[in-house]
Amino acid sequence: MSAFALRKAPITAKFGLAVIVLCFFTALFAPLIAPYGQAEVVGDAFLPWSASNIFGTDSIGRDMLSRIIFGARNSVGIAVVTTVLAFLIGAAFGIFAAVVRPFYDQVISRVVDVFMAIPSLIFQLLLLAAFGVSFLNIVLIIAFVDSTRVFRLVRAVSIDIVQLDFIEAARLRGEGVLYLVFKEVLPNAAGPMIVEFGVRFCYVFLSIAALSFLGVGVQPPYADWGSMVRENAALIGYGDITPLVPAGAIALLTVAVNFVVDWRLRVMSTVRD
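Take a look at the structure:
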């Protein structure tokens, strides 16, 4: 992404990039930024907003601001790792299926169809119930479920590419599968894959928040924005908007990523035209 392209970006894209950079900065330097530890009890439960506790305290007296800061590390960090893993799995099988067709393509596609027929959240809950809740299992299970969606997109893009003349020319030269994948298909599919990465990140991020809200995601004492909404939801009945702070953080990051993805889609469409 060049400096010129960034200067020409719409205000929504600049806003989105600013929010993303802020979230990643917060995640990286959470121990230095947060005034307290994420599991440190600093006062009574549900203290109101004050100078010492900007967003008050939670149900057991932990500082909400500190937990929101550490929640950025846990929520965003897990989402990034999970999305990368989902892409590695889905893209590898998607490109392979497109290049090697037709037998392997049919086998892999039908297996993926079976997994995609099961609603994502239900499938994730089922697998977590079977294998247990842990950081590793959350990453592996969500990555596995989401890789089926990545496979579908990458396969579709790759099939369009392998039908072009330069691929046929490479086959006639005797080039192998690895050459076709890394030298021909992958560079030409990189644009749509980068955009899909942003979209996929949003889905993964929201999946982690949903699982944590249901109590089967990130476990205490680790802070997570989804679980923070659930832990403090009772305050809404008393007119306290504290639970809306982590909920707002989830919504803000999701909207920011979508702003950037929309901008990149418009840029790619303009280049193709």
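Numbering-wise, the sequence shown is residues 0 to 272 according to numbering that gives the first Met the number 0.
Backbone N, C-alpha and C fix where the C-beta goes; we use that ideal spot for every residue, glycine too.
Small disclaimer: the values here were computed from a predicted structure and weren't measured.
Which residues in the same chain as residue i place their Cβ atom closer than 7 Å to its Cβ, once the five residues preceding and following it in sequence are excluded?
i      : result
PHE196 : THR82 and PHE86
VAL260 : VAL194, GLY197 and VAL198
ALA222 : GLN37, ARG66, PHE69, GLY70 and ASN73
SER290 : Here the chain covers residues 0 to 272 and nothing more, so residue 290 does not appear.
PRO245 : ILE67, GLY70, TRP224, MET227 and VAL228
ALA155 : none
ARG172 : none
For residue i, tell me which candidate among the options has the shortest Cα-Cα distance.
i      : options                           : result
PRO34  : MET115, PHE54, LEU139 and ILE94   : PHE54
VAL18  : ASP159, VAL254 and ARG172         : VAL254
PRO47  : GLY238, VAL176, VAL259 and VAL75  : GLY238
VAL176 : ALA78, ARG61 and PHE95            : PHE95
ALA29  : SER268, PRO245 and GLY70          : GLY70
VAL98  : ARG170, PHE200, TYR202 and GLY214 : ARG170
ILE202 : VAL40, ALA78, GLY42 and ILE59     : In the sequence on display, residue 202 carries Tyr and not Ile. Looking at the Cα atoms, ALA78 is the closest of the given residues.
SER157 : TYR221, SER119 and PRO191         : PRO191
GLY42  : ILE32, VAL113, LEU31 and ILE59    : ILE59
ILE137 : PHE114, ALA116 and GLY214         : GLY214
PHE204 : GLY173, GLU174, GLY76 and LEU135  : GLY76
Assuming contact is defined by CB atoms lying nearer than 7 Å, are residue i and residue j in contact in what I supplied?
i      : j      : result
LEU234 : CYS22  : no
ALA250 : TRP224 : no
ASN257 : ASP57  : no
LEU264 : VAL194 : yes
VAL228 : PRO219 : no
THR147 : PHE102 : no
For residue i, I'd like the list of residues in its chain whose CB is within less than 6 Å of its CB, leaving aside the five on either flank, ordered along the chain.
i      : result
GLN150 : One detail in the question is off: residue 150 reads as Phe in this sequence, not Gln. Closer than 6 Å at the Cβ level, and outside the excluded window around PHE150, lie GLY89, PHE92, GLY93 and VAL111.
ASN52  : LEU46 and ASP62
ARG72  : ALA26 and ALA29
ALA142 : THR81, LEU84 and ALA85
SER119 : VAL144
LEU152 : GLU195
Return helix, strand or coil for residue i, following the three-state DSSP convention.
i      : result
GLU61  : This sequence places Arg at residue 61; Glu is not what is there. Three-state result, ARG61: strand.
VAL40  : strand
THR56  : strand
LEU163 : coil
ASP239 : coil
ALA221 : Reading off the sequence, residue 221 comes out as Tyr, not Ala. Reduced to three states, the DSSP call for TYR221 is coil.
SER133 : coil
VAL311 : The chain is shown from 0 up to 272; residue 311 falls before or after that span and cannot be answered.
ALA50  : coil
VAL215 : coil
ILE10  : helix
PRO191 : helix
PHE28  : coil
GLY89  : helix
ASP272 : Confidence in ASP272 is poor, its pLDDT being 49 and thus under 50, which makes the residue's placement unreliable; the coordinate value appears in the next sentence. Note: ASP272 maps to coil in three-state DSSP.
TYR35  : coil
GLU290 : No answer is possible for residue 290: it lies beyond the span of the chain, which begins at 0 and ends at 272.
ASP245 : Before going on, a small fix: residue 245 reads as Pro here, not Asp. PRO245 falls in the helix class under three-state DSSP.
ASN257 : helix
PHE45  : coil
ARG100 : coil
PRO118 : coil
ASN231 : coil
Cβ of residue i within 6 Å of any heavy atom in the ligand GTP?
i     : result
ALA78 : Among the ligands in the structure shown, none appear at all, so the ligand GTP cannot be discussed.
Spatial neighbours of residue i within its chain, please: CB distance less than 8 Å, with the 5 preceding and 5 following residues excluded, ordered by chain position.
i      : result
TRP262 : ALA8, PRO9, THR11, ALA12 and GLY15
GLU39  : ARG61, ASP62 and SER65
VAL180 : ILE94, PHE95 and VAL98
LEU5   : LYS13 and LEU16
State yes or no: is the beta carbon of residue i nearer than 7 Å to at least one beta carbon in chain D?
i      : result
PRO220 : As a matter of chain content, chain D is missing from the structure shown, which is built from one protein chain.
Inset, instruction - Inspect the CB distances between the region 101-115 and the region 61-79 and report whether three or more fall short of 8 Å. - result: No, because fewer than three Cβ pairs between the region 101-115 and the region 61-79 fall closer than 8 Å, the two stretches do not touch.
Inset, instruction - Take every Cβ of the region 201-216, pair it with every Cβ of the region 117-129, and state whether three or more of those distances are shorter than 8 Å. - result: Of all C-beta pairs linking the region 201-216 to the region 117-129, three or more are shorter than 8 Å, placing the two stretches in contact.
Legend entry - At least three beta-carbon pairs within less than 8 Å, the region 148-164 to the region 183-190: Taking 8 Å as the limit for Cβ pairs, the verdict is that the region 183-190 does touch the region 148-164.
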